[in-house]
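Enquirer: Under our numbering, the letters of the sequence shown match residues 5 to 361, in that order.
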Amino acid sequence: MNKIFTSFLNLQQPLMKTAFCITVIGLPLSIAIEFSNNSQWLLYFKLYPHLILFSLLAFGVVLISLNQAIDLVIEKKKLMQNILIIVFISIFLTYIEVTSNNMLLLELNNRAESTINLPQETIVQIQQIPESILDTNQIIRGNNLTVRKSIIEEAIAKFREQKDTLEPEQKQGYYTLMKNSLSYSTWESQNNVFSISRIFYMLSFFSITTVSLISCILLFIYSKLEIRSFEKYLNLLTISSLVFMTWMPLRYYYNLNTLNLIFGSSNAIGNLDAFAFLIYPIYVTFLCLKIYQNNQDLQRIGSIIAIFLILTIIGRFLSQPIDDLFGLNSNLTIWIVFGIPSLVYYFSSVVSVVKNE
């Protein structure tokens, strides 16, 4: 058993680097390359900022900070035992995520097409969609609905432009079409419909989930006596937690704006989100408690609480700033500006490693 733990410890750096390459670089790059022909990659970045832009602009900082924090742990056997449990939990959550309904557009390749049989009342609802958005005669034959990804994306773009002028039954017809078109059951039995980016999406979701749970373990199970430099350890956990908090307003934006645009949903918190949004306040409370026990740094504690509350309020009640900076009204230039702090952090981390060597 000790040999297993030793081998796992030796894989710490390679695993962290792999997670960085897949999530921070691989996911955004795969989307940009795979969907470059129709320029839809920019739309995907805007529709799913909690996944793509968070990975690109923030997740690398979290990875580096936690990796440095793990290096400060004196006895890692307890951590490795918990990580094994975390991996199984993450695999389970990832499976639920990628087999649930409300699929992401980036999960389907540009040629994806499927035909499904629907109840007559569902067909009647879909036929309420106005021709200015979609000619339903092209996709409906009897009770069969032929779904093509290109048609889905075109309908979304037109609906976004016209939604304020549509009647309730027309909107409901559109939402019914989208719910059936992006249901996992519509595509699971089809061949050659899933994208390469879906693989990076699955791996990235697994990485983000695993790292978030490891972050909790690092905070909850270790005392001051088990860490080489507890002050530095808390600083690293503070950095990773504050950066991780930027996921919250982006996820709120996805729930309240993206899902509303495509499916008509108005739920601020989704099914799997409940776990994440429950963990955040608990984590912040424990982090502030540990900081207080260590050096009673009330200024840092106040800053952490303030940032947590501000990000929560912005995400839940002020979606327009998120829309302008990272959502459908944002642009590539803004993202580059927000990426500069991460690049500086990466560079300083590399310089620090080189100096230590």
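For glycine and all other residues, C-beta sits at the position ideal for the given N, C-alpha and C.
These numbers come from a predicted model, not from an experiment.
1. Going along the chain, which unbroken runs of the alpha helix (DSSP H) with 4 or more residues stay wholly within the stretch 135-200?
2. How would you label Lys-153, buried or exposed, when you count the other beta carbons within 10 angstroms and need 16 or more for buried?
3. Within a Cβ cutoff of 7 Å, which residues of the same chain sit near Phe-204, ignoring the five residues on either side of it in sequence?
4. Identify the residues that DSSP records as bridge partners of Glu-117: which are they?
5. Looking at Pro-134: is its Cβ nearer than 7 Å to the Cβ of Gln-176?
6. If you follow the alpha helix (DSSP H) that Ser-269 is part of, which residue opens it and which one closes it?
7. Does chain C have any CB closer than 7 Å to the CB of Gly-146?
8. With distances taken from CA atoms, which of Phe-63, Trp-45 and Pro-18 is nearest Leu-347?
9. Between which two residues does the alpha helix (DSSP H) holding Ala-310 run?
10. In or out: Ala-159 buried (at least 16 other Cβ within 10 Å) or exposed?
11. From the DSSP output, which residues share a beta bridge with Val-77?
12. In chain order, what residues of the same chain have a beta carbon less than 7 Å from the beta carbon of Asn-261, not counting five sequence neighbours either side?
13. Given Gln-72, which residues of its chain have a CB within under 7 Å of its CB, disregarding the five upstream and five downstream residues?
14. So, is Asn-148 buried or exposed, given that buried needs 16 or more other C-beta atoms within 10 angstroms?
15. If I follow the unbroken alpha helix (DSSP H) through Leu-287, where does it start and stop?
16. Are three or more beta carbon pairs between the stretch 14-23 and the stretch 184-194 nearer than 8 Å?
17. Measure the alpha-carbon distance for Tyr-258 versus Ile-127 and round it to whole angstroms.
18. Mind reading off the beta-carbon distance from Glu-61 to Phe-342? Whole number of angstroms is fine, and I expect it under 8 Å.
19. By the DSSP assignment, the alpha helix (DSSP H) with Tyr-48 in it spans what residues?
20. Can you give the beta carbon distance from Ile-243 to Val-77, rounded, assuming they're within the 8 Å contact cut?
21. Are there 16 or more other CB atoms within 10 angstroms of the CB of Pro-53, so buried, or fewer, so exposed?
22. Taking Ser-334 as the reference, give the member of Asn-41, Ser-40, Met-20 and Phe-49 with the closest Cα.
23. Going by Cα to Cα distance, which pick from Ile-68, Asn-106 and Asn-113 is closest to Ala-36?
24. May I ask you to report which of helix, strand or coil DSSP gives Leu-83?
25. Which residue from Asp-301, Ser-94, Glu-79 and Ser-270 puts its Cα closest to that of Glu-235?
26. If the criterion is Cβ atoms closer than 7 Å, does the pair Leu-67 and Met-107 meet it?
27. How big is the Cα-Cα spacing for Ile-95 and Ser-211?
28. Could you give the C-beta distance for Asn-41 and Ile-120, rounded to a whole number, given that I count them as a contact under 8 Å?
29. Out of curiosity, what's the CA-to-CA distance linking Ile-305 and Leu-170?
30. Can you list, in chain order, the residues of its chain with a C-beta nearer than 6 Å to that of Tyr-237? Leave out the 5 residues immediately preceding and following it.
31. For Leu-112, which residues does DSSP report across the bridge?
32. Quick check on Leu-88: buried or exposed, where buried means 16 or more other Cβ atoms within 10 Å of its Cβ?
33. Under the assumption that Val-65 contacts Val-215 (Cβ atoms under 8 Å), give the Cβ distance between them as a whole number of angstroms.
34. Specify the secondary structure class of Met-20 as computed by DSSP and reduced to three states.
Expert: In brief:
1. 153-166, 172-185 and 188-191
2. On the sequence shown, position 149 is the one that residue 153 refers to. Its Cβ being crowded by 16 or more others within 10 Å, Lys-153 is buried.
3. Position 200 of the sequence shown, counting from 1, holds the residue named residue 204. Cβ within range, chain order: Ile-26, Gly-30, Leu-31 and Ser-34.
4. The residue labelled residue 117 in the question sits at position 113 within the sequence shown. DSSP, once it has assigned bridges, lists Arg-152 as partnering Glu-117.
5. Translated into positions along the sequence shown, residue 134 becomes position 130. Translated into positions along the sequence shown, residue 176 becomes position 172. No, Cβ-Cβ distance for Pro-134 and Gln-176 is not below 7 Å.
6. Here residue 269 refers to the residue found at position 265 of the sequence shown. Where Ser-269 is concerned, there is no enclosing alpha helix (DSSP H), given that its DSSP letter is neither H nor E.
7. Absent from the structure: chain C. Only one protein chain is present.
8. Your numbering for residue 347 matches position 343 in the sequence shown. Closest by alpha carbon: Phe-63.
9. Within the sequence shown, the letter at position 306 stands for residue 310. It spans 302-321 - the alpha helix (DSSP H) in which Ala-310 sits, taken as one unbroken run.
10. As a position in the sequence shown, residue 159 is number 155, starting the count at 1. Looking at its Cβ environment, which holds 16 or more other Cβ atoms inside 10 Å, Ala-159 is buried.
11. As a first step, residue 77 must be located in the sequence shown, where it is residue number 73. DSSP output for Val-77 lists Ile-231 as bridge partner(s).
12. Position 257 of the sequence shown, counting from 1, holds the residue named residue 261. Counting only Cβ-Cβ distances below 7 Å, and skipping sequence neighbours, we find Ser-323, Asp-327 and Gly-331.
13. Walking along the sequence shown from the start, residue 72 turns up at place 68. Counting only Cβ-Cβ distances below 7 Å, and skipping sequence neighbours, we find Leu-240.
14. Reading the sequence shown from its first residue, position 144 is the one you call residue 148. It counts as exposed.
15. Here residue 287 is taken as the residue at index 283 of the sequence shown, counted from 1. According to the sequence shown, residue 287 is Tyr rather than Leu. From DSSP, the alpha helix (DSSP H) with Tyr-287 extends over 277-299.
16. no
17. Within the sequence shown, the letter at position 254 stands for residue 258. Within the sequence shown, the letter at position 123 stands for residue 127. About 28 Å.
18. Locating residue 61 in the sequence shown gives position 57, where the first residue counts as 1. Locating residue 342 in the sequence shown gives position 338, where the first residue counts as 1. The sequence shown places Leu at residue 61, not Glu. Contact holds; Cβ gap of about 5 Å.
19. Locating residue 48 in the sequence shown gives position 44, where the first residue counts as 1. 45-51 is the extent of the alpha helix (DSSP H) around Tyr-48.
20. For the purposes of this step, residue 243 is taken as residue 239 along the sequence shown, with counting starting at 1. For the purposes of this step, residue 77 is taken as residue 73 along the sequence shown, with counting starting at 1. Not a contact, Cβ separation roughly 17 Å.
21. Indexing the sequence shown from 1 puts residue 53 at position 49. Buried: at least 16 other Cβ atoms inside 10 Å.
22. Locating residue 334 in the sequence shown gives position 330, counting from the first residue. For the residues Asn-41, Ser-40, Met-20 and Phe-49, the minimum Cα distance to Ser-334 belongs to Phe-49.
23. The residue given as residue 36 occupies position 32 in the sequence shown. Of Ile-68, Asn-106 and Asn-113, the residue nearest in Cα terms is Asn-113.
24. Counted from its first residue, the sequence shown places residue 83 at position 79. Reduced to three states, the DSSP call for Leu-83 is helix.
25. Walking along the sequence shown from the start, residue 235 turns up at place 231. Residue Asp-301 is the option with its Cα nearest to Glu-235.
26. As a position in the sequence shown, residue 67 is number 63, starting the count at 1. As a position in the sequence shown, residue 107 is number 103, starting the count at 1. Contact: no.
27. Walking along the sequence shown from the start, residue 95 turns up at place 91. Walking along the sequence shown from the start, residue 211 turns up at place 207. One C-alpha to the other measures close to 10 Å.
28. Here residue 41 refers to the residue found at position 37 when the sequence shown is read from its first residue. Here residue 120 refers to the residue found at position 116 when the sequence shown is read from its first residue. Asn-41 to Ile-120, Cβ: 27 Å. No contact.
29. To locate residue 305, count along the sequence shown from 1; it is residue 301. To locate residue 170, count along the sequence shown from 1; it is residue 166. Going by the C-alpha atoms only, they are around 49 Å apart.
30. Locating residue 237 in the sequence shown gives position 233, where the first residue counts as 1. The residues are Ala-73, Leu-76 and Ile-231.
31. Sequence index remark: in the sequence shown, residue 112 carries index 108 (1-based). BP columns for Leu-112 point to Phe-198.
32. The residue labelled residue 88 in the question sits at position 84 within the sequence shown. The residue is exposed, with fewer than 16 neighbouring Cβ atoms inside 10 Å.
33. Counting from one through the sequence shown, the residue named residue 65 turns up at place 61. Counting from one through the sequence shown, the residue named residue 215 turns up at place 211. Between Val-215 and Val-65 the Cβ distance is about 11 Å, and since that is not below 8 Å, they are no contact.
34. Your numbering for residue 20 matches position 16 in the sequence shown. Residue state, collapsed to three classes: helix.
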